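Here's the structure we're looking at; comments come further down.
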Amino acid sequence: MFSPLEPFKLERYFAQHEFSAQMLLCTSDCESMTIDELCELDRKHGGDGGQLGSTWLGYTESRGNPVLREAISKLYTDIDPDSILLHSGAEEAILNFYLAMIRPGQTVIVNTPCYQSLREIPRALGATVLPWELRLDGAELRWALDMAELGSLLGSAGHNPLVVLNMPHNPTGALLSRDEFEELVRLCRLYGATLFMDEVYRNLEFDEADRLPAACEAYEKAVSLSVLSKAWGLAGLRIGWLASKDTETLAKVAAVKDYNSICASAPSEALALLAICQTHPIIEANRKRCAKNRLAFSDFFAKHCELFGWIPPVAGSVAFPRLKSKMSADDLAAELLRDTGVLLLPGSNYSYDPAFFRIGLGRNNVPAALSIFDEWITENEPRYLAGVLA
Ligand SMILES: Cc1ncc(COP(=O)(O)O)c(C=O)c1O
33 MFSPLEPFKL
43 ERYFAQHEFS
53 AQMLLCTSDC
63 ESMTIDELCE
73 LDRKHGGDGG
83 QLGSTWLGYT
93 ESRGNPVLRE
103 AISKLYTDID
113 PDSILLHSGA
123 EEAILNFYLA
133 MIRPGQTVIV
143 NTPCYQSLRE
153 IPRALGATVL
163 PWELRLDGAE
173 LRWALDMAEL
183 GSLLGSAGHN
193 PLVVLNMPHN
203 PTGALLSRDE
213 FEELVRLCRL
223 YGATLFMDEV
233 YRNLEFDEAD
243 RLPAACEAYE
253 KAVSLSVLSK
263 AWGLAGLRIG
273 WLASKDTETL
283 AKVAAVKDYN
293 SICASAPSEA
303 LALLAICQTH
313 PIIEANRKRC
323 AKNRLAFSDF
333 FAKHCELFGW
343 IPPVAGSVAF
353 PRLKSKMSAD
363 DLAAELLRDT
373 GVLLLPGSNY
383 SYDPAFFRIG
393 LGRNNVPAAL
403 SIFDEWITEN
413 EPRYLAGVLA
């Protein structure tokens, strides 16, 4: 690193509250399960339950277990197992990718607000980071990126630019349209840019017709990032991967991985194989849960529309409503946590407008936590309304 990494605000916030708050109403991961439940799901669908006891506990292959990589490659239509590079979670993959690719002075265009590591690591490595901001459209109904703006950012970016995008998006739940995605690929190709697409919320589209192609299949210089933490709800496995047809880039990242985790955990790889084989039932259950919880949030925000602006998410397991009060979402989150034990995530953790806050859609206890929030805000509404902005 050329300059020290700034503290990761969101991760510090969760480090402080995740295991002490009574109910989390802002998680990005979907509901998880036990090892027994995962093995049982596998048996129910004709598998052998993983035979975890016979898993060898030596080092594993550094690119990832070949059987697991083959299973992962089948999640795509045209990706072979050698185009997959396994990592310990998405976070390791982000760090390794940047360490392999960034040179001081290089331009990195990053959509913001964003998961902090996507913009902070290239900054610390000496890159010039240009934000490409998601903005609310005039009617505040949709978060959108301006493609013409990307064109001008790329026009001023110099040699070998990198475009970094997270879609479906954390924290807004935004998703590019198919036309916008095609324009993104066209512009990257025109300017010779590498595209790093963080797709960790892919497969959680509320309408499956909105699902975009994986970037690694649409563009020869794209690297797609995925992980079992979100759509599969298996964050504790710490299994993520990069997928790309650009084998030279993957080889560079693999060389950095030798200085990091070296290889993935053997029991996690064994369990990941079960999860990948059960992708359909696991993800369908999580999609349904997110859809049901999105409806509950829509009702809540309709009831309290004087106080909150609701921008329904298009995809993923999070959304980013707005508090229409002079009091900030930091005040709201602190008071709600103090009085009820329910946790929200203020937008200040994304270094964003403190009127916004993140909510999570993926957990079973969302209706229970939301009804506590409802009761509390009904009681406290006059105080917040007294500060409502025009
Ligand atoms: C957009 C995005 N990318 C990467 C990650 C890191 O994922 P993991 O915790 O599985 O490493 C997260 C986690 O919240 C995320 O939201």
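Residue numbers for the sequence shown follow my numbering, so the first one is 33 and each next one is one higher. All C-beta atoms in this analysis are idealised placements derived from N, C-alpha and C, irrespective of residue type, glycine included. In this text the structure is predicted, and so the values were computed from the model without any measurement.
Q) For N143, which of helix, strand or coil comes out of DSSP? A) Secondary structure of N143 (DSSP, three-state): strand.
Q) Applying the criterion that 16 or more other CB atoms from any shown protein chain within 10 Å of the CB defines a buried residue, is P353 buried or exposed? A) With 16 or more other Cβ atoms within 10 Å, it is buried.
Q) So is the beta-carbon of V255 under 6 angstroms away from any non-hydrogen atom of ligand 1? A) Incorrect: V255 has no Cβ contact closer than 6 angstroms to ligand 1.
Q | Exposure of A189, with buried meaning 16 or more beta-carbon neighbours within 10 Å | A | Counting other Cβ atoms within 10 Å of its Cβ, A189 reaches 16 or more and is therefore classed as buried.
**Q.** Among S115, L194 and E181, the one whose alpha carbon lies nearest that of G137
**A.** Its Cα nearest to that of G137, the residue L194 stands out among S115, L194 and E181.
Q) How big is the Cα-Cα spacing for D230 and L368? A) Distance between the alpha carbons of D230 and L368 is about 32 angstroms.
Q: Give the single residue among H336, G394, D278 and D371 whose Cα lies nearest to the Cα of P414.
A: Just measuring C-alpha positions, the residue of H336, G394, D278 and D371 sitting nearest P414 is H336.
(Q) Is V195 near ligand 1 - that is, is its Cβ less than 6 angstroms away from at least one heavy atom of it? (A) No, Cβ of V195 sits at least 6 angstroms from all heavy atoms of ligand 1.
Q. When you compare only the Cα positions, how much space is there between G81 and E43?
A. Computed Cα separation, rounded: 34 angstroms.
(Q) Using DSSP's beta-bridge definition, name the partner residues of M55. (A) DSSP output for M55 lists V374 as bridge partner(s).
**Q.** Length of the line joining the Cα atoms of A53 and P378
**A.** Cα to Cα, the separation comes out at about 15 angstroms.
Q: Could you tell me whether the Cβ atoms of I271 and S300 are closer together than 7 angstroms?
A: Against a cut-off of 7 angstroms, the Cβ pair of S300 and I271 comes out as a contact.
Q | Inside the stretch 335-408 only - beta strand (DSSP E) runs reaching at least 3 residues | A | Within the stretch 335-408, the complete beta strand (DSSP E) runs of at least 3 residues are 389-392.
Q. Counting Cβ pairs, one atom from each stretch, are 3 or more of them under 8 angstroms apart for the stretch 85-93 and the stretch 249-267?
A. Contact fails: fewer than three Cβ-Cβ distances are below 8 angstroms.
Q. Along the chain, where does the beta strand (DSSP E) that runs through L219 open and close?
A. No beta strand (DSSP E) contains L219, which is instead part of the alpha helix (DSSP H) from R210 to Y223.
Q. With a cut-off of 8 angstroms, do at least 3 Cβ pairs link the stretch 173-187 to the stretch 199-210?
A. Between the stretch 173-187 and the stretch 199-210, the count of C-beta pairs closer than 8 angstroms reaches three or more; the two stretches touch.
Q | Other residues of its chain near C58: CB distance less than 8 angstroms, five sequence neighbours each side excluded | A | Contacts found: V350, L375, L376, L377, F389, R390, I391 and G392.
Q. Does the Cβ of G121 have 16 or more other Cβ atoms within 10 Å, making it buried, or fewer, making it exposed?
A. Buried, because 16 or more other Cβ atoms sit within 10 Å of the Cβ of G121.
Q: Please find out if some non-hydrogen atom of ligand 1 comes closer than 6 angstroms to the beta-carbon of Y147.
A: Within the cutoff, so yes.
Q | Exposure of M396, with buried meaning 16 or more beta-carbon neighbours within 10 Å | A | It is worth fixing the name first, because residue 396 is Asn in this sequence and not Met. Per the 10 Å Cβ criterion, exposed.
Q) By the 10 Å Cβ neighbour count, where 16 or more other Cβ atoms means buried, how is K289 classified, buried or exposed? A) K289 is buried by the Cβ-count criterion.
Q. Would you say the beta carbon of A263 comes nearer than 6 angstroms to a heavy atom of ligand 1?
A. Not one heavy atom of ligand 1 is found less than 6 angstroms from the C-beta of A263.
Q: Given a cut-off of 7 angstroms, decide if N202 and Y147 are closer than it, judged by their beta-carbon atoms.
A: Taking 7 angstroms as the cut-off, the Cβ atoms of Y147 and N202 count as close.
Q. Smallest Cα separation from Y223: which of R210, I409 and S184?
A. Here the closest residue by C-alpha is S184.
(Q) Tell me the DSSP secondary structure of M229 in three-state form. (A) Correct three-state label for M229: strand.
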